[in-house]
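Top line first, the protein sequences correspond to chains A and B.
The first sequence begins at 1 in this note's numbering and counts up one residue at a time.
The second sequence begins at 1 in this note's numbering and counts up one residue at a time.
Cβ atoms here follow ideal geometry from the backbone N, Cα and C, with glycine treated the same way.
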Amino acid sequence: MLVRGRAWKLGDNVSTDHIISGKYKFKAIHSLEEMLPYLLAEVRPGFYREVRPGDVIVAGRNFGCGSSREHAPRLIKLAGVGAVIARSFARIFYRNSINIGLPVVEVRELPGITADGDLIEVDLEGGVVRNLTKGFEEAFRGYPREILEIVREGGIIEYVRRHGDLPWGGGTG
Amino acid sequence: MRPQTMVEKILSRNVGRQVEFGEIVVAKPDLVYAHDGTAPLAIKVMRDAPEIYRVLDPGRVVFVVDHASPPPTVAAASVHREMRLFAKEFGVRLIDVGEGICHQVIPELGLVKPGDVVVGADSHTTTLGALASFATGVGSTDTAIAMALGKVWLRVPEAVKVVVTGELPVGVMGKDLALHIVGTVGADGMTYRAMEFWGDGLKHLSMDSRMTICNMGVEAGAKVALMPTDEVALNWFEGVGLHGVGRVVPDEGAEYVDTLEFELGRLEPVVAAPPSVDNVVPVSEVVGVEVDQVFIGSCTNGRYEDFLTAAKVFRGRRVREGVRCVAIPASRRVFTRLLRDGVVEVLVRAGCVVAHSTCGPCIGAHLGLLASGEVAVSTSNRNFVGRMGHEGSRVYLASPATAAASAVEGRVADPRKYLS
Ligand code: SF4
């Protein structure tokens, strides 16, 4: 799975409230499409209009902290973002992203040297991210096989629909 | 068998074999819950995938209408209706408007016991770790899978040993410890990890305080925050009608990746100053900051002890003119006890607006949003930009004692002078 697009640079501790504020969520709770204009509204106004399919969010530490709202990764995916790269993720955001098939990658160096608009490439199978603009490349610890399958199939629901169960065999209980 | 942490014990028992840190296991949750902020998306996910449009064991699923409740908007009313229809279709228990915030009403109803694996579609599900359950927050898709298949995938977290000793001074509450911990380790200091509490200080902490502390575990990024079952906990379980529950305690010699120690006697009232929850400073450093709104409530601090302490500050005093003070018990049961014991009267006479149970202001849904430039002292758990209203508002997180003292003075205030 190869993702390639422009970088959108964000800082540390971008919470799910920043991604989709609770007050907007409740205003438009019945529809993700109606929430979309509020995506990152107070962090990067106009983001949802300017983002292009395959673009990559490049963030600092603790991305997606706070509320468990899955609307956050879903809206990011719905807006067309191909992957999120961060120094670290909050755990619920991380698992929500995997569950909905949004690639999330933790690396140490790349966020620091990346500027807005740099061309970024994420190679999930190869376990490497590249900043093509800066000619920089960094390896990351690949997903366990089962997680990779979930992401590759577009999310855990799609996986279960196709295979009838979670990808972990009987040995895990 | 080698000594085990609480997390290892609970997950090993659940999956039927010895589990190891770092591995991914598929557990069978004893309880799955979701609220009006997250259940609608779980329902939608299931509707969009007919193969999983089912509830395997309705007895293990609970819906709670608590976030925007009663509905302040047509949109909220619509999702509440959708939840009711779904609950009816599958025989799922739905806890409706005014009954309470999920993390409070679910344990009060005796739906959780030591050793349970609980997944809640809300990050503050960690609250229930105070009951020695492995309780963790998940998203709506996890919830859908858990409802349909009765399963959840979990990475077994490494555990950090948090030792508390001594006793809290007067005017210092469990919330101050919770904030102090987050301030010490940072907002991501516990990411992917479990916190397990140890130490002789625990016996002085009420279940109300314990739930506050475990609630805030997620503000440090923790997956779960667990307290061992002791006499205080056993008494509490008796009180909610769960008799003869088993104990879950960690083994001496269990392996932890880190150890933190907190001496309760040395703590002082603190606040998390805007705009981040780990920006924790002694109240004394921000005393005098002018306040427009005070909120006492939420799943963090909407319990009996919280209002009792606030009422001690309010008795014979008034909320400062120009300040609105909103007080919201976290459940109907809490509300009823406060009524019975005259606490509500103290709050109302002091000028507080006391409302039915809802998350309301905590999440900027209703009952007290903030305008640009306004400052709030809130007993909730998050002060992110715009969380309680306009992006130009600011929120100081504090204990109910500090919140009440600040309401009285109209500025951030140290509560100790009202309580000693
Ligand atoms: S009170 Fe606030 S933090 Fe707690 S569940 Fe409700 S919205 Fe979430």
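Consider the C-beta atom of residue i and the heavy atoms of the ligand SF4; say whether any pair is separated by less than 6 Å.
i: B/His124; result: yes
i: A/Ile19; result: no
i: B/Cys359; result: yes
i: B/Ser298; result: yes
i: A/Ile92; result: no
i: B/Cys352; result: no
i: B/Ile101; result: yes
i: A/Ile76; result: no
i: B/Ile328; result: no
i: A/Ile150; result: no
i: A/Cys65; result: no
i: B/Cys325; result: no
i: B/Ile106; result: no
i: B/Ile95; result: no
i: B/Ile363; result: yes
Which residues of chain A have a Cβ atom closer than 9 Å to the Cβ of residue i, listed in chain order?
i: B/Ile106; result: The premise fails here: B/Ile106 is roughly 15 Å from chain A at the closest Cβ pair, so nothing lies under 9 Å.
i: B/Ile24; result: Pro144, Glu146, Ile147, Trp168, Thr172
Among the residues of its own chain, which have a CB less than 8 Å from the CB of residue i, if the five just before and after it don't count?
i: A/Glu125; result: Met1, Gly142, Leu148
i: A/Arg44; result: Trp8, Leu10
i: B/Asp57; result: Gly150
i: B/Glu51; result: none
i: B/Val170; result: Arg416, Leu419, Ser420
i: B/Leu369; result: Pro361, Met388, Gly389, His390
Under 9 Å Cβ-Cβ, which residues of chain B neighbour residue i?
i: A/His18; result: Phe384, Val385, Gly386
i: A/Val160; result: Ala49, Glu51, Ile52, Ile145, Ala148, Leu149
i: A/Arg141; result: Simply none; closest approach about 12 Å.
Assuming residue i and residue j make a contact with CB atoms under 8 Å, what is their CB distance in whole Å?
i: B/Val270; j: B/Leu179; result: 5 Å
i: B/Ser399; j: B/Asn301; result: 7 Å
i: A/Arg108; j: A/Arg130; result: Between A/Arg130 and A/Arg108 the Cβ distance is about 15 Å, and since that is not below 8 Å, they are no contact.
i: A/Ile157; j: B/Ala413; result: With a Cβ gap of about 50 Å, A/Ile157 and B/Ala413 do not count as contacting.
i: B/Gly410; j: B/Val291; result: 6 Å
i: B/Val25; j: B/Val19; result: 6 Å
i: B/Gly110; j: B/Val240; result: 4 Å
i: B/Ala135; j: B/Thr125; result: 5 Å
i: B/Thr38; j: A/Ser68; result: 7 Å
i: B/Ile95; j: B/Val105; result: 6 Å
i: B/Val97; j: B/Pro114; result: The Cβ separation is near 30 Å, so there is no contact.
What residues from chain A crowd round residue i, counting only those whose CB sits closer than 7 Å?
i: B/Trp153; result: Leu166, Trp168
i: B/Asp122; result: Ser68
i: B/Asp414; result: Neighbours of B/Asp414 on chain A: none; closest Cβ ~28 Å, over 7 Å.
i: B/Tyr192; result: Arg91
i: B/Ala187; result: Asn13, Asn62, Cys65
i: B/Lys223; result: Arg91
i: B/Gly137; result: Ser68, Ile92
So, for residue i: in the same chain, excluding its five sequence neighbours on each side, which residues have a beta-carbon less than 6 Å away from its beta-carbon?
i: B/Phe86; result: Ile43
i: A/Arg6; result: Asp55, Gly117
So what does DSSP say about residue i, is it helix, strand or coil?
i: B/Leu264; result: helix
i: B/Cys325; result: strand
i: B/Val240; result: coil
i: B/Met83; result: helix
i: B/Tyr192; result: coil
i: B/Gly98; result: strand
i: B/Asn301; result: helix
i: A/Ile20; result: coil
i: B/Gly360; result: helix
i: B/Lys28; result: coil
i: B/Gly115; result: coil
i: B/Cys352; result: coil
i: B/His366; result: coil
i: A/Pro111; result: helix
i: B/Phe384; result: coil
i: B/Gln293; result: strand
Using a threshold of 6 Å, is the CB atom of residue i nearer than that to any non-hydrogen atom of the ligand GDP?
i: B/Cys214; result: The ligand GDP is not part of the structure shown, which contains the ligand SF4 as its ligands.
Under 7 Å Cβ-Cβ, which residues of chain B neighbour residue i?
i: A/Gly112; result: By Cβ distance, chain B contributes nothing, its closest Cβ being about 17 Å from A/Gly112, past 7 Å.
i: A/Ile100; result: Thr141
i: A/His71; result: Leu41
i: A/Asn131; result: In chain order: nothing, as chain B lies at least about 24 Å away.
Once you ignore the five residues that flank residue i on each side, which residues in its own chain have a CB closer than 7 Å to its CB?
i: B/Val32; result: Arg60, Val61, Val119, Thr143, Ala146, Met147
i: B/Arg317; result: Ala350, Val408
i: B/Lys223; result: Thr136, Pro157, Tyr192, Arg193, Ala194
i: B/Thr212; result: Gly174, Lys175, Ala178, Thr300, Asn301
i: B/Ala254; result: Pro3, Gln4, Thr5
At 8 Å on the CB atoms, spell out the chain A contacts of residue i, in chain order.
i: B/Ser357; result: Ordered by position in chain A, no residue passes the 8 Å Cβ test against B/Ser357, which lies about 17 Å from the chain.
i: B/Lys175; result: By Cβ distance, chain A contributes nothing, its closest Cβ being about 18 Å from B/Lys175, past 8 Å.
i: B/Ser276; result: Asn13
Run down chain B in chain order and give the residues with a C-beta less than 8 Å from the C-beta of residue i.
i: A/Val22; result: Note on residue identity: the sequence assigns Gly, not Val, to residue 22 of chain A. Result: Gly37, Ile363, Gly364, Ala365, Arg387.
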